[in-house]
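Residue numbering for the sequence shown follows our numbering, starting at 0 and increasing by one per position.
Even for Gly, the Cβ is constructed at its ideal location relative to N, Cα and C.
Below is one structure, written out as structure tokens, with a few remarks after it.
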Amino acid sequence: MTAPASTSGKIRVAVVGAGEFGHHHARVFREMDSVEFVGIHDADAERAKAVAAEFRVPVIASLEELQSRADAVSVAVPTIAHAQVGCALLQYGLDVLIEKPMAATLAEADQLLTTAARNERIVQVGHVERFNPAVIAVLPIVHRPLFFEVHRLGVFTPRSLDVDVIFDLMIHDLDILLAVVKEPVTEVKAVGIPVLSDKVDIAHARLEFAGGAVANVTASRVSTERVRKMRFFQQHEYISLDYARRDALRVGVKRPGPQPEFSFEKLPAPETEPLRAELEAFVQAVKTRQPPVTSGVAGRAALELATRVMGSILAHAASVNIHSNSTSPSVSDGSKVLLEKGVLEKSLVEKSVQ
Ligand SMILES: NC(=O)c1ccc[n+]([C@@H]2O[C@H](COP(=O)([O-])OP(=O)(O)OC[C@H]3O[C@@H](n4cnc5c(N)ncnc54)[C@H](O)[C@@H]3O)[C@@H](O)[C@H]2O)c1
Numbered sequence: 000m001t002a003p004a005s006t007s008g009k010i011r012v013a014v015v016g017a018g019e020f021g022h023h024h025a026r027v028f029r030e031m032d033s034v035e036f037v038g039i040h041d042a043d044a045e046r047a048k049a050v051a052a053e054f055r056v057p058v059i060a061s062l063e064e065l066q067s068r069a070d071a072v073s074v075a076v077p078t079i080a081h082a083q084v085g086c087a088l089l090q091y092g093l094d095v096l097i098e099k100p101m102a103a104t105l106a107e108a109d110q111l112l113t114t115a116a117r118n119e120r121i122v123q124v125g126h127v128e129r130f131n132p133a134v135i136a137v138l139p140i141v142h143r144p145l146f147f148e149v150h151r152l153g154v155f156t157p158r159s160l161d162v163d164v165i166f167d168l169m170i171h172d173l174d175i176l177l178a179v180v181k182e183p184v185t186e187v188k189a190v191g192i193p194v195l196s197d198k199v200d201i202a203h204a205r206l207e208f209a210g211g212a213v214a215n216v217t218a219s220r221v222s223t224e225r226v227r228k229m230r231f232f233q234q235h236e237y238i239s240l241d242y243a244r245r246d247a248l249r250v251g252v253k254r255p256g257p258q259p260e261f262s263f264e265k266l267p268a269p270e271t272e273p274l275r276a277e278l279e280a281f282v283q284a285v286k287t288r289q290p291p292v293t294s295g296v297a298g299r300a301a302l303e304l305a306t307r308v309m310g311s312i313l314a315h316a317a318s319v320n321i322h323s324n325s326t327s328p329s330v331s332d333g334s335k336v337l338l339e340k341g342v343l344e345k346s347l348v349e350k351s352v353q
């Protein structure tokens, strides 16, 4: 199947979900000359109207209407609706960029992948950090990293509380780790607790990769400061990547020993807005019919690892409850729902307990 095109020859794009993040998708599409931005759909008609007015595009009344009006769609609805909205659009023959996490369950992620394959459509997942200039600067110099320290901390806002912090924030770093290490994760140990919501608000995971690399990953949405950092060590080198500042520093050991000498290099990073680079990559994938870097398969892999982390957290919480009568962390209702829905497949939970 070839890429569809409008009479202007440009890809016709639309945004579904005009909330906090969909608003950013709309802003960036509005700025891009390479696309024809045909409109916005939201289940909340007033919300759609307000954002459509701001960016001077039509409101699209239904998903079905998009079939004849668009070629490619950004989906920024709550995670729980990703699969339902995404599959409908794919069945209409549209290419789809779905915000992260790809879906609420692995079964739903599989449903998206199957529907995309059946309809020969592109699925990209919104793992926007892959387009962060700091990550792009670091990737070419990665050489057998063995130890990672990752922190993604934020202050509390009443947003994205439909998912645990693992699926909201940590999943960004899990995706980056999979892309950097390029090896299967053999062991996951994690702890996490609900603090201000009924879901896990702060979590720490220790991941071990097949080649021996170890990553300590912390994610929190109840911190007093905003931190977005990944630091890692490879032979004679330390690399510090700041997602928020969008820069990366490479520190090398020129002379080891009691009076060491170091070399410092600020890695050259492109000055692009990550979301813009992500949407441009999506449009490029739609045009070329080549799988995007953050493909549905990559999105599923990140979701699977997040699911294993969540499984380990639940196992830890259960063991604390069993072995202690003191104030043990309780498993949130949200996590229980995910467990019942099949997100935390039994085998994954068992694997993490071993
Ligand atoms: N990549 C990132 O860094 C990043 C950052 C923030 C949010 N997100 C993701 O973006 C998605 C949206 O998050 P948000 O913070 O913008 O949420 P939000 O609640 O602010 O907005 C969601 C919007 O979707 C609409 N909606 C709900 N169900 C719908 C449906 N079935 N059809 C059409 N519209 C529907 C709502 O009316 C609302 O306007 C989430 O999946 C979230 O994880 C990603």
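(Q) Under DSSP, the beta strand (DSSP E) around ARG11 begins and ends at which residues? (A) Residue numbering aside, residue 11 sits at position 12 when the sequence shown is read from its first letter. Here the beta strand (DSSP E) through ARG11 covers 10–15.
**Q.** N-terminal and C-terminal residue of the beta strand (DSSP E) that ILE121 is part of
**A.** As a working note, residue 121 is residue 122 in the sequence shown. Segment: none, ILE121 is in no beta strand (DSSP E) and carries neither H nor E.
(Q) By the three-class DSSP mapping on this structure, what secondary structure does THR287 have? (A) By one-based count along the sequence shown, residue 287 stands at place 288. Three-state result, THR287: helix.
Q) Does ligand 1 have a heavy atom nearer than 7 Å to the CB of VAL285? A) Walking along the sequence shown from the start, residue 285 turns up at place 286. Outside the cutoff, so no.
Q: Decide if ALA106 is buried, meaning its Cβ has at least 16 other Cβ atoms within 10 Å, or exposed.
A: Position 107 of the sequence shown, counted from the first residue, corresponds to residue 106. It counts as exposed.
Q: Could you tell me whether the Cβ atoms of GLU128 and TYR237 are closer together than 8 Å?
A: Residue 128 sits at position 129 when you count from the first residue of the sequence shown. Residue 237 sits at position 238 when you count from the first residue of the sequence shown. Contact flag unset, no.
Q) Is the beta carbon of PRO77 within less than 7 Å of some heavy atom of ligand 1? A) Translated into positions along the sequence shown, residue 77 becomes position 78. Result yes, Cβ under 7 Å from ligand 1.
Q. Does the Cβ of ASP172 lie closer than 7 Å to at least one heavy atom of ligand 1?
A. Walking along the sequence shown from the start, residue 172 turns up at place 173. No, since every heavy atom of ligand 1 falls outside the 7 Å radius drawn around the Cβ of ASP172.
Q: Would you grab the beta carbon distance between VAL74 and GLY38 for me? Rounded to a whole angstrom, and I think it's under 8 Å.
A: Taking the sequence shown and counting its residues from 1, the one referred to as residue 74 is at position 75. Taking the sequence shown and counting its residues from 1, the one referred to as residue 38 is at position 39. That pair is no contact at about 14 Å.
Q.
Spatial neighbours of ARG29 within its chain, please: C-beta separation below 7 Å, excluding the five flanking residues on both sides.
A. On the sequence shown, position 30 is the one that residue 29 refers to. Hits under 7 Å: PHE36 and PHE54.
Q) In chain order, what residues of the same chain lie with their CB nearer than 7 Å to the CB of GLU148, ignoring the 5 residues before and after it? A) Here residue 148 corresponds to residue number 149 of the sequence shown, with the count starting at 1. Excluding residues within five positions, the ones whose Cβ falls inside 7 Å are ASN215 and ARG230.
**Q.** Residue from LEU266, HIS235 and THR306 whose Cα sits closest to the Cα of GLY251
**A.** Along the sequence shown, read from residue 1 onward, the residue named residue 251 stands at position 252. The shortest Cα separation from GLY251 among LEU266, HIS235 and THR306 belongs to HIS235.
**Q.** Contact check, VAL50 vs HIS23, beta carbons under 8 Å
**A.** Against the sequence shown, residue 50 aligns to sequence position 51. Against the sequence shown, residue 23 aligns to sequence position 24. Cβ atoms of VAL50 and HIS23: not closer than 8 Å.
Q. Around the C-beta of ARG244, are 16 or more other C-beta atoms found within 10 angstroms, so that it is buried, or is it exposed?
A. Translated into the one-based positions of the sequence shown, residue 244 becomes position 245. By the neighbour-count rule (16 or more Cβ atoms within 10 Å), ARG244 is not buried but exposed.
Q: Report yes if the C-beta distance between ALA189 and ALA202 is below 8 Å; otherwise report no.
A: Translated into the one-based positions of the sequence shown, residue 189 becomes position 190. Translated into the one-based positions of the sequence shown, residue 202 becomes position 203. Taking 8 Å as the Cβ cut-off, ALA189 and ALA202 qualify as a contacting pair.
Q) Within 8 Å (strictly less), CB to CB, does HIS203 reach chain C? A) No chain C appears in this structure, which consists of one protein chain only.
Q) Would you call ARG11 buried or exposed, if buried means 16 or more other Cβ atoms sit within 10 Å of its Cβ? A) Taking the first residue of the sequence shown as 1, we reach residue 11 at position 12. Answer is buried; the Cβ neighbour count reaches 16.
**Q.** ligand 1 heavy atom lying under 7 Å from the CB of GLY16
**A.** For the purposes of this step, residue 16 is identified with residue 17 of the sequence shown, where counting begins at 1. Yes, since a heavy atom of ligand 1 falls inside the 7 Å radius drawn around the Cβ of GLY16.
Q: Starting from the Cα of HIS126, find the closest Cα among HIS150, LEU138, LEU266 and LYS99 and give me that residue.
A: Residue numbering aside, residue 126 sits at position 127 when the sequence shown is read from its first letter. Closest by alpha carbon: LYS99.
Q. Going by alpha carbons, who is nearest to VAL221 out of ILE175, GLY18, GLY256 and PRO157?
A. Position 222 of the sequence shown, counted from the start, is the residue given in the question as residue 221. The shortest Cα separation from VAL221 among ILE175, GLY18, GLY256 and PRO157 belongs to PRO157.
Q. Any chance the stretch 250–264 sits against the stretch 59–69, with 3 or more Cβ pairs inside 8 Å?
A. no
Q: With a threshold of 16 other CB atoms inside 10 Å of the CB of PHE385, please say whether the residue is buried or exposed.
A: Nothing about residue 385 can be reported from this structure: the residues present for the chain run from 0 to 353 only.
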